[in-house]
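Participant: Mapping to the numbering used here: the sequence shown position 3 is -6, numbers consecutive.
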Amino acid sequence: MKNIINFIRKILPKEIIKPVGRWKIENCNVKTNNKVDLSNEDHCGPCGQYALEKIELKNKNSHTQVIQTVLTEANRAK
């Protein structure tokens, strides 16, 4: 009986351990840097500084894009 069980265990594929959550190993530097930033935010507490910086950066980028679009349109009109 023991031999049969061992034989079945050898035949069946072994379960692959899957990395959980954001702690799996990434090959992409951007994803790794984002994980580090988010991990630091978790440990700093609810101050929300990281979120505020990201919102400010997003707003700054959107304002820059609007200005570039307006300038491009003005140059085309000439």
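Even glycine gets a Cβ: it sits at the ideal position worked out from N, Cα and C.
Along the chain, where does the alpha helix (DSSP H) that runs through Ile(-1) open and close?
Facilitator: Here the alpha helix (DSSP H) through Ile(-1) covers -7 to 2.
Participant: Work out the CA separation of Asn66 and Val57 for me, nearest whole Å.
Facilitator: Approximately 14 Å, taken between the alpha carbons.
Participant: Using a Cβ-Cβ distance under 8 Å, would Lys(-7) count as near chain C?
Facilitator: As a matter of chain content, chain C is missing from the structure shown, which is built from one protein chain.
Participant: If you draw a straight line from the alpha carbon of Lys5 to that of Ile16, how long is it in whole angstroms?
Facilitator: Rounded to the nearest angstrom, the two C-alpha atoms are 21 Å apart.
Participant: Please report how far the alpha carbon of Asn30 lies from the alpha carbon of Met(-8), in whole angstroms.
Facilitator: Residue identity differs from the one stated: residue 30 is Ser in this sequence, not Asn. The alpha-carbon atoms of Ser30 and Met(-8) are separated by roughly 50 Å.
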